[in-house]
Amino acid sequence: MTPHLRELKKEALTFFRKWQASILQRVRDISITVQDQSPTQGALQGRGRGAPVVRGPARGGRGARGGRAGRGALTLATGPPRLPSKHTDVPFANRFPPIPNTLWTLPQERRKLFLHIAFLAIISLTEYSANAHLLLLNLTSCLNLPVKMFLAEEVRLAQAFASAALDVSPESLLSQKPEEIRGSRKWKGPEPGASLAPALIQAGIGTAAGSFGLTTCTAIGLLGPMAGSERPLCNMFSMNPAKPISKMIEIFSRDIQDFALLPMHGEVHSEYIDARRPPAVDRRFRLVIALGGWLTEDEDVHDPWKCLGQQVEAFVLRWETTALLNLGGSLETVIKSKAWRDAKEAISTKTIFTSIIESSWPSQLLKISKIIDNPWSVGMVRAEKAGQTLADAISRHKVQGERSVSLLGYGAPVPSEPRVWLTLKSVVSGRLVNVYSEHDYLLGFLNRYSNTHFGIAGLQEIQGADGVENLDVGELAYGHLGYASATGRILKEIGWDDLDGDIVKNEKPFQVAPIAGRR
Numbered sequence: 012m013t014p015h016l017r018e019l020k021k022e023a024l025t026f027f028r029k030w031q032a033s034i035l036q037r038v039r040d041i042s043i044t045v046q047d048q049s050p051t052q053g054a055l056q057g058r059g060r061g062a063p064v065v066r067g068p069a070r071g072g073r074g075a076r077g078g079r080a081g082r083g084a085l086t087l088a089t090g091p092p093r094l095p096s097k098h099t100d101v102p103f104a105n106r107f108p109p110i111p112n113t114l115w116t117l118p119q120e121r122r123k124l125f126l127h128i129a130f131l132a133i134i135s136l137t138e139y140s141a142n143a144h145l146l147l148l149n150l151t152s153c154l155n156l157p158v159k160m161f162l163a164e165e166v167r168l169a170q171a172f173a174s175a176a177l178d179v180s181p182e183s184l185l186s187q188k189p190e191e192i193r194g195s196r197k198w199k200g201p202e203p204g205a206s207l208a209p210a211l212i213q214a215g216i217g218t219a220a221g222s223f224g225l226t227t228c229t230a231i232g233l234l235g236p237m238a239g240s241e242r243p244l245c246n247m248f249s250m251n252p253a254k255p256i257s258k259m260i261e262i263f264s265r266d267i268q269d270f271a272l273l274p275m276h277g278e279v280h281s282e283y284i285d286a287r288r289p290p291a292v293d294r295r296f297r298l299v300i301a302l303g304g305w306l307t308e309d310e311d312v313h314d315p316w317k318c319l320g321q322q323v324e325a326f327v328l329r330w331e332t333t334a335l336l337n338l339g340g341s342l343e344t345v346i347k348s349k350a351w352r353d354a355k356e357a358i359s360t361k362t363i364f365t366s367i368i369e370s371s372w373p374s375q376l377l378k379i380s381k382i383i384d385n386p387w388s389v390g391m392v393r394a395e396k397a398g399q400t401l402a403d404a405i406s407r408h409k410v411q412g413e414r415s416v417s418l419l420g421y422g423a424p425v426p427s428e429p430r431v432w433l434t435l436k437s438v439v440s441g442r443l444v445n446v447y448s449e450h451d452y453l454l455g456f457l458n459r460y461s462n463t464h465f466g467i468a469g470l471q472e473i474q475g476a477d478g479v480e481n482l483d484v485g486e487l488a489y490g491h492l493g494y495a496s497a498t499g500r501i502l503k504e505i506g507w508d509d510l511d512g513d514i515v516k517n518e519k520p521f522q523v524a525p526i527a528g529r530r
């Protein structure tokens with residue numbers, strides 16, 4: 012590894028271990044005791060005699076440790092760990108192999124309770140990171156629960172917390188003094204969690220049916236700081252009146268023309284300039300930001316991404332529309348020309364990299380190259396600037412709040428050099444997938460003057476970069492311009508779960524490379 016990669020690895024591990032330590036500490040802070048009840052009390056509270064009572068941190072931030080929890084200490088299960096005879100969700104278990112554990116012997120409702128507790132404990136860290144999402148997915152598999160149950164719980168909790176955040180007035184946040192923000196961990200209400208309780212109850216959290224026996228008081232206790240202060244709750248959804256979305260977008264637009272986030276659901280195609288405008292029912296703990304390259308018409312900004320489902324908050328990044336329309340129009344003109352059709356036949360007789368390395372392009376194609384070379388160069392410069400601005404919006408300005416973000420896009424002519432992709436992987440907790448086509452002759456022609464010794468990711472698989480996946484889509488119906496009309500099918504092929512099936516069925520098919528050639 013190069014010194015640069017070693018430093019990136021060190022930083023990535025430091026970040027992960029800090030998050031890991033916070034999770035483990037939160038689990039240690041949870042106090043579990045057994046409460047003896049009379050039959051009448053048990054019936055009234057929905058619990059039987061000797062049922063476990065879960066509490067959040069005691070005063071001072073520590074739960075009960077050491078000592079015995081009382082008569083009849085809680086026992087999770089008995090016997091050695093054993094694999095379930097049949098996982099409730101086999102495809103899910105194949106993606107997230109479960110670790111054998113004694114919890115499998117418990118009734119499903121009790122296992123759902125454990126997942127619910129883990130969910131609240133993780134949210135109590137005042138963020139929902141990609142690491143947290145992956146941890147809960149693995150935990151769901153280890154508890155032998157179906158992924159649909161987890162996804163429904165994720166949406167339900169997101170809507171409840173968004174509803175509670177919307178109930179907090181911007182004026183109350185702005186009126187807080189700096190010392191109150193730093194020193195107070197209490198709600199400005201009659202008691203801690205008072206403002207959060209109605210939203211939780213409305214979502215079924217803290218009720219016998221919706222929380223698998225957990226009371227509202229216990230749920231609020233598990234939420235810790237999230238239920239003890241208005242600010243982290245609002246920050247999760249970027250509802251900070253001191254840093255409104257509209258002001259941030261205005262700052263970004265100084266460097267990038269026509270920079271905007273467009274929601275794909277809810278108020279479709281209206282610019283996202285106020286985090287308080289989307290209703291709670293449309294809010295999620297996870298976001299997707301999708302962006303394309305060239306445009307042939309204005310609708311191309313959002314149409315390729317209609318396939319995205321509603322398990323996440325999906326946004327499309329609109330940027331440099333005029334430059335991208337010029338590029339798309341130029342590419343379309345060349346593709347429809349007779350010179351391109353004749354040149355394609357000549358190029359297809361050898362590999363695309365042979366043409367690039369030997370610069371053996373048909374003369375009729377070189378004659379019309381001026382049509383696309385300048386728009387392509389302009390687009391490349393603008394794309395680099397837009398990427399820097401988007402990274403700044405996510406990492407520094409937290410335009411998405413304290414939530415995880417997945418990025419989707421097509422048309423990026425980036426190097427295939429493994430060091431480049433290992434650098435990308437150092438900040439990706441989930442999957443990093445390179446989609447390419449060895450038959451993308453137009454992309455090869457556009458990159459004929461680039462540093463081809465570093466490779467071109469859109470034309471070849473990434474090798475030597477652990478954790479990076481590849482998908483060869485073969486020959487698309489419209490070549491390089493075919494990505495925009497096949498995004499749903501490509502996402503389905505790589506295993507993206509949250510898709511609109513009807514829209515995907517209507518997309519243009521493509522020929523996937525043989526399995527033996529895929530990794």
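If you count the sequence shown from 1, you need to add 11 to reach my numbering. Note that beta-carbon positions come from the ideal geometry of N, C-alpha and C, so glycine has one too.
* Cys245 classed as buried or exposed, judged by whether at least 16 other C-beta atoms fall within 10 angstroms -> buried
DSSP-derived helix/strand/coil call for Val392
Under the three-state reduction of DSSP output, Val392 falls in the helix class.
Tell me where the alpha helix (DSSP H) around Leu470 begins and ends. Note, Leu470: premise wrong, no alpha helix (DSSP H); not H, not E.
Discussion item. Output needed for Leu19: all residues of its chain with C-beta closer than 7 Å, excluding positions within five of it in sequence on either side, in chain order.
Written reply: Taken in chain order, the residues that qualify are Thr434 and Ser437.
Strictly by DSSP, which residues pair up with Phe326? Pro274 and Ile300, per the DSSP bridge assignment.
| task | Could you check if Glu472 is buried or exposed, using at least 16 other CB atoms within 10 Å of its CB as the buried criterion? | result | buried
Please list the segments of the alpha helix (DSSP H) lying wholly inside the stretch 215–247, counting only runs of 4 or more residues, in order along the chain.
227–234, 236–239 and 241–247
Q: Give the C-beta separation of Ile363 and Glu449 to the nearest angstrom, bearing in mind that I take them to be a contact with Cβ-Cβ under 8 Å.
A: 6 Å
Name the two residues that bound the continuous beta strand (DSSP E) containing Gly420. Ser415 to Gly420
- request: With Asp285 as the anchor, note down where its alpha helix (DSSP H) starts and where it stops.
  value: Taken as a continuous stretch (DSSP letters only), Asp285 belongs to no alpha helix (DSSP H), as it is neither H nor E.
How big is the Cα-Cα spacing for Val11 and Gly235? The question about residue 11 has no answer, for the chain in this structure spans 12 to 530.
Check: Quick one: Cα of Ala253 to Cα of Leu185, how far?
Finding: 7 Å
Handout entry: For Glu480, the nearest candidate out of Leu335, Gly277 and Leu443 (CA to CA)
Key = Here the closest residue by C-alpha is Leu443.
Asp483 bridges to which residues according to DSSP?
-> DSSP, once it has assigned bridges, lists Tyr447 as partnering Asp483.
In whole angstroms, give me the CA-to-CA distance for Trp432 and Ala350. 36 Å
- Query: Looking only at C-alpha atoms, which of Trp507, Asp509, Gly499 and Asp508 sits nearest to Lys516?
  - Reply: Gly499
Cut-off 8 Å between Cβ atoms - residues of its own chain near Ile256, not counting five sequence neighbours on either side: Closer than 8 Å at Cβ, skipping near neighbours: Ser249, Tyr283, Ile284, Asp285, Ala286 and Val410.
Given Leu207, which residues of its chain have a CB within under 7 Å of its CB, disregarding the five upstream and five downstream residues? Ala175, Ile231 and Ala238
Item to complete: Given a cut-off of 9 Å, decide if Leu419 and Ala301 are closer than it, judged by their beta-carbon atoms.
Response: yes
| said: Considering only the alpha carbon of each residue, which of His276, Ser152, Thr227 and Glu182 lies closest to Asn251? | reply: Glu182
First through last residue of the alpha helix (DSSP H) which encompasses Asn149: Ala141 to Cys153
Next on the checklist: Along the chain, where does the alpha helix (DSSP H) containing Ile110 start, and where does it finish?
Outcome noted: It is not in any alpha helix (DSSP H) - Ile110 carries neither H nor E in the DSSP assignment.
Could you give the DSSP three-state label for Leu306: helix, strand or coil? coil
- Three-way DSSP call (helix, strand, coil) for Thr365 in this model: helix
Best match in Ile134, Tyr421 and Cys153 for proximity to Val446 [C-alpha to C-alpha]: Tyr421
- Task: Going by DSSP, name the residue or residues bridged to Leu502.
- Result: Beta-bridge pairing links Leu502 to no other residue.
How far does the alpha helix (DSSP H) with Met160 in it extend, from its first residue to its last?
Val158 to Leu177
field: Spatially closest choice to Leu147 from Leu126, Leu470 and Glu308, by CA coordinates
entry: Leu126
- Query: Taking the DSSP output, what are the residues bridged to Leu510?
  - Reply: Note: Leu510 sits in a beta bridge opposite Leu319.
- Query: If we call anything under 9 Å between Cβ atoms a contact, is Val158 one with Asp511?
  - Reply: Contact flag unset, no.
_Applying the 10 Å Cβ sphere with the 16-neighbour rule, what's the burial state of Leu24?_
exposed
Close beta carbons around Gln170, own chain, < 7 Å, minus the five adjacent residues each side:
Ala214, Ala291, Val292 and Arg294
Checklist entry - Where does Glu22 land, buried or exposed, given buried means 16+ other C-beta within 10 angstroms? => result exposed
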